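Q:
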Amino acid sequence: MNDETARIEKYLDGQMSAEERADFEKEISETPTLKEELQLHREMRLFLAKRDRRLQLEQQLQQIETEHFPQHSQAGKTARRLMPVFRRNWAIMAVAASLALLIAAYFLFSTSLYDQFAVHPPLALVEKSATQQQLQYEAETAFNGQHYEQAEALLDQLLRNQPDDDLLRIYLGIAKMEVGKIQEARALFMEVTAEDPAIRDFAQWNLVLSYLKTGDKERCRDLARRFSPDSPYFEKAQKLLKKM
Amino acid sequence: MKPLSDEACLKALCEGHSSVLRAIYQEYATPLKHWVANNGGQPEDARDLMQEALIAIYDRYCGANASFHGSFGGLLMTIAKRKWYDRLRQKKRETDVRAEEVYRQMEEAPEFENAEEAMLQKKKMDCLEETFRQLSEQCQRLLQLYAQGQDDAEKIADALNMTNANAVYQARHRCLNRWKQLFYEHCK
Numbered sequence: 130m131n132d133e134t135a136r137i138e139k140y141l142d143g144q145m146s147a148e149e150r151a152d153f154e155k156e157i158s159e160t161p162t163l164k165e166e167l168q169l170h171r172e173m174r175l176f177l178a179k180r181d182r183r184l185q186l187e188q189q190l191q192q193i194e195t196e197h198f199p200q201h202s203q204a205g206k207t208a209r210r211l212m213p214v215f216r217r218n219w220a221i222m223a224v225a226a227s228l229a230l231l232i233a234a235y236f237l238f239s240t241s242l243y244d245q246f247a248v249h250p251p252l253a254l255v256e257k258s259a260t261q262q263q264l265q266y267e268a269e270t271a272f273n274g275q276h277y278e279q280a281e282a283l284l285d286q287l288l289r290n291q292p293d294d295d296l297l298r299i300y301l302g303i304a305k306m307e308v309g310k311i312q313e314a315r316a317l318f319m320e321v322t323a324e325d326p327a328i329r330d331f332a333q334w335n336l337v338l339s340y341l342k343t344g345d346k347e348r349c350r351d352l353a354r355r356f357s358p359d360s361p362y363f364e365k366a367q368k369l370l371k372k373m
Numbered sequence: 391m392k393p394l395s396d397e398a399c400l401k402a403l404c405e406g407h408s409s410v411l412r413a414i415y416q417e418y419a420t421p422l423k424h425w426v427a428n429n430g431g432q433p434e435d436a437r438d439l440m441q442e443a444l445i446a447i448y449d450r451y452c453g454a455n456a457s458f459h460g461s462f463g464g465l466l467m468t469i470a471k472r473k474w475y476d477r478l479r480q481k482k483r484e485t486d487v488r489a490e491e492v493y494r495q496m497e498e499a500p501e502f503e504n505a506e507e508a509m510l511q512k513k514k515m516d517c518l519e520e521t522f523r524q525l526s527e528q529c530q531r532l533l534q535l536y537a538q539g540q541d542d543a544e545k546i547a548d549a550l551n552m553t554n555a556n557a558v559y560q561a562r563h564r565c566l567n568r569w570k571q572l573f574y575e576h577c578k
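So the protein lines, in turn, are chains A and B. Whatever position you read off the first sequence (first residue = 1), add 129 for this note's numbering. Whatever position you read off the second sequence (first residue = 1), add 390 for this note's numbering.
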């Protein structure tokens with residue numbers, strides 16, 4: 130199996146000469162195992178090309194489904210079952226208290242790391258029209274002054290008037306992330322489809338921050354690893370990965 | 391509200407338009423919940439089936455060289471039913487009669503073959519995801535960089551702290567072989 134990897138990749142990359150290619154295709158047609166292996170390479174490439182979007186889609190669906198399928202929280206059920214046990218058993222309570230302290234320490238750590246990295250660039254809106262000027266000015270002042278609740282309302286209003294503006298969408302997401310509306314923030318970051326890769330990466334970086342904020346390190350790492358070396362966020366992401 | 395076209399649903403799924411995805415849930419979540427309830431399941435089962443079916447459609451019909459011209463809703467419901475049939479078959483306590491009734495219903499659906507194909511593709515993609523996660527962090531990053539179109543091996547070497555381009559080629563070869571080995575061990 131292993132010996133074929135280089136040849137298959139060369140074939141798929143279009144780097145074989147015409148003669149080499151013809152010979153290889155003949156061999157494929159005569160060798161079912163080679164044909165199967167070539168198909169696997171094609172599937173692997175397809176998988177890698179679609180993986181980011183697939184993971185995003187899973188997140189999106191998980192968020193949307195909560196609106197249509199009531200949550201039967203296992204955590205809630207567990208908590209209810211545990212209450213009488215806690216009253217009876219002080220030893221278990223002590224263990225639980227220690228665990229709670231550990232969890233609290235973990236989140237404190239995550240939050241401080243979030244604070245280190247969540248340094249948002251100032252909002253500077255391009256003036257769209259005279260009627261929007263006042264609203265834009267107020268949104269900028271609120272966001273740059275870190276009055277995120279106020280900024281959220283103003284940016285929401287602006288985005289309604291300019292639904293195609295992906296930068297507005299990202300800044301509204303940041304405001305929501307800062308006031309704790311994480312799911313809504315993630316949905317906004319994931320909706321960004323700008324052609325400009327810098328804007329898409331800005332959304333992606335904030336998605337990374339959203340997972341850092343909630344302490345989901347696995348997802349945070351996974352997303353942080355995806356910036357290409359050409360991205361303006363590559364270095365930041367590498368630093369974050371090292372610190373995690 | 392204007393009904394969603396099959397094309398609009400598929401496009402939204404492929405490109406991640408939240409508002410249309412919400413509309414898809416709006417339209418199909420309730421009928422699926424009712425169907426699952428009538429066939430021995432709970433709302434949580436319907437929720438899982440809905441997500442699995444949408445991901446299966448994404449796996450099979452999003453991307454280059456993929457096209458679909460049938461009914462999006464029909465396909466969604468058929469995959470969900472087919473998945474439910476598999477679950478019923480897996481539960482020993484369930485009667486075969488119920489499973490067979492479910493099978494009869496979906497076998498007659500016009501989207502049956504497309505649903506089967508989508509489920510097979512999802513299974514393959516799930517396996518690739520599972521085995522990809524078992525690769526080292528460096529392997530994952532290297533393969534992702536190639537997939538993102540980064541084919542300058544020197545740049546990749548810099549990004550991954552590797553000695554030179556040759557080391558990158560060798561590592562890529564090793565990573566692909568390891569991934570294939572894992573795939574054959576776990577998914578065949």
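Ideal Cβ placement from N, Cα and C applies to all residues, glycine included. In this text the structure is predicted, and so the values were computed from the model without any measurement.
Can you list, in chain order, the residues of its chain whose CB lies under 8 Å from that of Q185 of chain A, leaving out five sequence neighbours each side?
A: One-based indexing of the first sequence puts residue 185 of chain A at position 56. Taken in chain order, the residues that qualify are M319.
Q: Mind checking the stretch 434–458 of chain B against chain A and listing, in chain order, the residues whose C-beta falls within less than 8 Å of any C-beta there?
A: Listed by position, the residues of the stretch 434–458 of chain B near chain A (Cβ gap below 8 Å) are E434, A436, R437, M440, Q441, L444, I445, Y448, D449, C452 and G453.
Q: Taking the straight line between their C-alpha atoms, what separation do you get for T207 of chain A and A470 of chain B?
A: Position 78 of the first sequence, counting from 1, holds the residue named residue 207 of chain A. Position 80 of the second sequence, counting from 1, holds the residue named residue 470 of chain B. Bear in mind that a pLDDT of 37 at T207 of chain A, under 50, signals an unreliable position, so the number given afterwards is only what the model happens to contain. Roughly 30 Å between the two C-alpha positions.
Q: Whole angstroms is fine: what's the gap from P500 of chain B's alpha carbon to D285 of chain A's?
A: As a position in the second sequence, residue 500 of chain B is number 110, starting the count at 1. As a position in the first sequence, residue 285 of chain A is number 156, starting the count at 1. Each residue's Cα considered, the two are about 44 Å apart.
Q: Pick helix, strand or coil for V321 of chain A, following the three-state DSSP scheme.
A: The count along the first sequence starts at 1 and reaches residue 321 of chain A at position 192. DSSP, reduced to helix, strand and coil, places V321 of chain A outside both helices and strands of the structure shown, so it counts as coil.
Q: Considering just the uninterrupted stretch of the alpha helix (DSSP H) at R354 of chain A, what are its terminal residues?
A: Translated into the one-based positions of the first sequence, residue 354 of chain A becomes position 225. First-last for R354 of chain A: undefined, no H or E at that position.
Q: Tell me the DSSP secondary structure of R523 of chain B in three-state form.
A: The sequence position of residue 523 of chain B within the second sequence is 133, counting from 1. In the structure shown, R523 of chain B sits in coil (DSSP, three-state: anything other than H, G, I, E or B).
Q: For I328 of chain A and chain B, any beta-carbon pair shorter than 8 Å?
A: Along the first sequence, one-based indexing puts residue 328 of chain A at 199. For I328 of chain A, the answer is no, since every Cβ of chain B falls outside 8 Å of its Cβ.
Q: How would you call A151 of chain A, buried or exposed, if buried means at least 16 neighbouring beta carbons within 10 angstroms?
A: Start at 1 with the first residue of the first sequence, and residue 151 of chain A comes out as number 22. Label assigned to A151 of chain A: exposed.
Q: Thinking C-beta only, is E520 of chain B closer than 8 Å to H563 of chain B?
A: As a working mapping, residue 563 of chain B is identified with position 173 in the second sequence. As a working mapping, residue 520 of chain B is identified with position 130 in the second sequence. No, the pair does not count as a contact, with Cβ atoms beyond the cut-off.
Q: Using a Cβ-Cβ cut-off of 8 Å, state whether F573 of chain B counts as contacting chain A.
A: Stepping through the second sequence from its first residue, residue 573 of chain B is reached at position 183. Output row for F573 of chain B: interface = yes.
Q: Let me know the secondary structure DSSP gives E278 of chain A once reduced to three states.
A: As a first step, residue 278 of chain A is located in the first sequence; it is residue number 149 there, counting from the start. E278 of chain A carries a helical assignment under DSSP once its states are collapsed to helix, strand and coil.
Q: Considering Cα atoms alone, identify which of A:T322, A:Y300 and A:N273 is closest to E405 of chain B.
A: As a position in the second sequence, residue 405 of chain B is number 15, starting the count at 1. When each option's Cα is compared against that of E405 of chain B, the closest is A:T322.
Q: Among the residues of its own chain, which have a CB less than 7 Å from the CB of A543 of chain B, if the five just before and after it don't count?
A: The residue labelled residue 543 of chain B in the question sits at position 153 within the second sequence. These residues qualify, in order along the chain: A555, V558 and Y559.
Q: Any beta carbon of chain A sitting closer than 8 Å to that of E405 of chain B?
A: As a working mapping, residue 405 of chain B is identified with position 15 in the second sequence. By this cut-off, E405 of chain B is an interface position.
Q: Return no unless some Cβ of chain A is closer than 8 Å to the Cβ of M467 of chain B.
A: For the purposes of this step, residue 467 of chain B is taken as residue 77 along the second sequence, with counting starting at 1. No, its Cβ sits nowhere closer than 8 Å to a Cβ of chain A.
Q: Could you tell me whether the Cβ atoms of L466 of chain B and A443 of chain B are closer together than 8 Å?
A: Numbered from 1 along the second sequence, position 76 holds the residue referred to as residue 466 of chain B. Numbered from 1 along the second sequence, position 53 holds the residue referred to as residue 443 of chain B. Yes, the pair counts as a contact, with Cβ atoms nearer than the cut-off.
Q: Please list the partners that F176 of chain A has in chain B, where partner means a Cβ-to-Cβ separation under 7 Å.
A: If you number the first sequence from 1, residue 176 of chain A lands on position 47. Those are M515 and L518, listed as they occur along chain B.
Q: Who are the neighbours of A332 of chain A on chain B, taking C-beta pairs under 8 Å?
A: Here residue 332 of chain A refers to the residue found at position 203 when the first sequence is read from its first residue. Neighbours of A332 of chain A on chain B: none; closest Cβ ~12 Å, over 8 Å.
Q: Please confirm whether G143 of chain A has its beta-carbon closer than 8 Å to some beta-carbon of chain B.
A: Position 14 of the first sequence holds residue 143 of chain A. No, G143 of chain A lies away from the interface with chain B (no Cβ there is under 8 Å from its Cβ).
Q: Could you tell me which whole beta strand (DSSP E) segments of length 3 or greater appear in the stretch 475–507 of chain B?
A: As summarised for the stretch 475–507 of chain B, there are no continuous beta strand (DSSP E) elements at least 3 residues long confined to that stretch.
Q: What do you get for T459 of chain A, buried or exposed, if any count of 16 or more other CB atoms within 10 angstroms of its CB means buried?
A: Because chain A here runs from 130 to 373, residue 459 of chain A falls outside it and cannot be looked at.
Q: Looking at the structure shown, is T270 of chain A part of a helix, part of a strand, or coil, going by DSSP?
A: Working through the first sequence from its first residue, we reach residue 270 of chain A at position 141. Reduced to three states, the DSSP call for T270 of chain A is helix.
Q: Taking 8 Å as the threshold (beta carbon to beta carbon), is Q203 of chain A in contact with chain B?
A: Your numbering for residue 203 of chain A matches position 74 in the first sequence. Unreliable positioning characterises Q203 of chain A in this predicted model, as indicated by a pLDDT of 42, which lies under 50. The coordinate reading is nonetheless provided below. It does not: the Cβ of Q203 of chain A has no partner Cβ on chain B nearer than 8 Å.
Q: Is any heavy atom of the ligand NAD found at a distance shorter than 7 Å from the C-beta of D294 of chain A?
A: Here there are no bound small molecules, and the ligand NAD is not part of this structure.
Q: At the 8 Å Cβ level, is S526 of chain B part of the contact set with chain A, yes or no?
A: For the purposes of this step, residue 526 of chain B is taken as the residue at position 136 of the second sequence. No, S526 of chain B does not count as interfacial toward chain A.
Q: For F356 of chain A, I'd like the list of residues in its chain whose CB is within less than 6 Å of its CB, leaving aside the five on either flank, ordered along the chain.
A: Locating residue 356 of chain A in the first sequence gives position 227, where the first residue counts as 1. Within the same chain, F356 of chain A has close Cβ partners Y362, F363 and A366.
Q: Of all the residues that make up the stretch 151–185 of chain A, which are near chain B by a beta-carbon distance shorter than 9 Å?
A: E166, L169, H170, E172, M173, R174, L175, F176, L177, A178, K179, R180, D181, R182, R183, L184 and Q185
Q: Below 8 Å on the Cβ atoms is my contact criterion, and I expect L287 of chain A with Q265 of chain A to pass it. Report the Cβ-Cβ distance as a whole number of Å.
A: Indexing the first sequence from 1 puts residue 287 of chain A at position 158. Indexing the first sequence from 1 puts residue 265 of chain A at position 136. Indeed they touch by this definition, with Cβ atoms about 7 Å apart.
Q: Can you grab the Cα-Cα spacing for the pair L267 of chain A / Y300 of chain A, in whole Å?
A: For the purposes of this step, residue 267 of chain A is identified with residue 138 of the first sequence, where counting begins at 1. For the purposes of this step, residue 300 of chain A is identified with residue 171 of the first sequence, where counting begins at 1. The identity of residue 267 of chain A in the sequence shown is Glu, whereas the question assumes Leu. Whole-angstrom Cα-Cα distance: 14 Å.
Q: Mapping the DSSP letters down to three states, classify Q262 of chain A as helix, strand or coil.
A: Numbered from 1 along the first sequence, position 133 holds the residue referred to as residue 262 of chain A. Three-state result, Q262 of chain A: helix.
Q: I need the DSSP call for H576 of chain B, collapsed to helix, strand or coil.
A: To locate residue 576 of chain B, count along the second sequence from 1; it is residue 186. Correct three-state label for H576 of chain B: helix.
Q: Assuming A537 of chain B contacts L177 of chain A under a Cβ cut-off of 8 Å, what Cβ separation, rounded to an integer in Å, is found between them?
A: Locating residue 537 of chain B in the second sequence gives position 147, where the first residue counts as 1. Locating residue 177 of chain A in the first sequence gives position 48, where the first residue counts as 1. 4 Å between Cβ atoms; contact.
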